[in-house]
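The next block holds one structure in the form of structure tokens; read it before the comments.
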Amino acid sequence: MIIIQQETYTLRTWEPADAPSLAQQLNNKKLWDNCRDGLPFPYSQEDGDFFIQLVKQKDGVHDFCIEVEGKAVGNIGFVPGNDVERFSAEVGYILGESYWNRGIMTDALREAISYYFETTDIVRLFAFIFEYNPASMRVLEKVGFSKVGIMHRAVYKNDQFWDGHYYELLK
């Protein structure tokens, strides 16, 4: 299902045929360095198959494929909270390195957030960015997120502690 068609990209739901392209994009240490360790590295087509299978099992749309020139090159995902945080969701995003600095992620994130707020009961989004990823912080700020704090030594990545920058956006 196409969510939005822009001149430079399409934001849509994931399809099983996207796994090879996803694996090609995500098998990149620079990307992995900015993500939670739950993202496999190296990233294989089997990892892509597994991810898409999980996405397809969810009720509603929580994960958005970013397609450029017919190829799946990134993801925007929302993880709803539960219990007292049931109206909040964490947002995460990833884009193949060859598509950085084109404005694709900023625009796609803005569109995905709009869609997500319109189709769910979520009223608050949050994101957690590693201190050494200022480009991702700029993306969040451009779409309206505010930094609400820095959690010192909250991230352990590549055998080192890092600060985590916490952002939020209210509906």
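Read left to right, the sequence shown gives residues 1 to 171 (full-length UniProt numbering).
For each residue, glycine too, the CB sits at the ideal point set by N, CA and C.
query	result
Run through the stretch 58-99 for me and flag every whole beta strand (DSSP E) of 3 or more residues, listed as ranges in chain order.	63-68, 71-80, 88-95
Taking the alpha-carbon positions, what's the N82 to D107 distance?	28 Å
With distance defined between alpha-carbon atoms, name the residue in N158, G38, Y93, S98 nearest to E69.	S98
In this structure, what does DSSP give as the bridge partners for K29?	K29 is not bridged to any residue.
In chain order, what residues of the same chain have a beta carbon less than 6 Å from the beta carbon of S136, not counting five sequence neighbours either side?	I129
State yes or no: is the C-beta of P42 within less than 8 Å of the C-beta of N27?	yes
How many Å lie between A154 and H165 at the Cα?	9 Å
Please go through the same chain and pick out, in chain order, the residues whose beta-carbon is closer than 7 Å to the beta-carbon of Q57, but skip the five residues on each side of it.	none
Inspect the beta-carbon positions of C8 and I104 and report whether they are closer than 8 Å.	Cys is not the amino acid found at residue 8; the sequence shown has Thr there. In this structure, I104 lies closer than 8 Å to T8 by Cβ.
Grouping DSSP H, G and I as helix and E and B as strand, with all else coil, what is S136?	helix
So W100 packs on I52, CB below 8 Å; how close in whole Å?	Actually they do not touch by this definition, with Cβ atoms about 23 Å apart.
Which term fits L22, buried or exposed, when burial requires 16 or more other beta carbons within 10 angstroms of its beta carbon?	buried
Taking a contact to mean a Cβ-Cβ separation below 8 Å, would you say I113 touches V139 in this structure?	no
Using the three-state DSSP reduction, which class does G144 fall into: helix, strand or coil?	coil
Looking only at C-alpha atoms, which of Q5, D47, D63, D37 sits nearest to T119?	D63
If you draw a straight line from the alpha carbon of residue 174 to that of D37, how long is it in whole angstroms?	The requested residue 174 does not occur in the structure, where the chain is confined to residues 1 to 171.
Who are the Cβ neighbours of K171 in its own chain at under 6 Å, not counting the five residues just before and after it?	F117, V123
Quick check: the Cα distance between W32 and Q5, rounded to an integer number of angstroms?	28 Å
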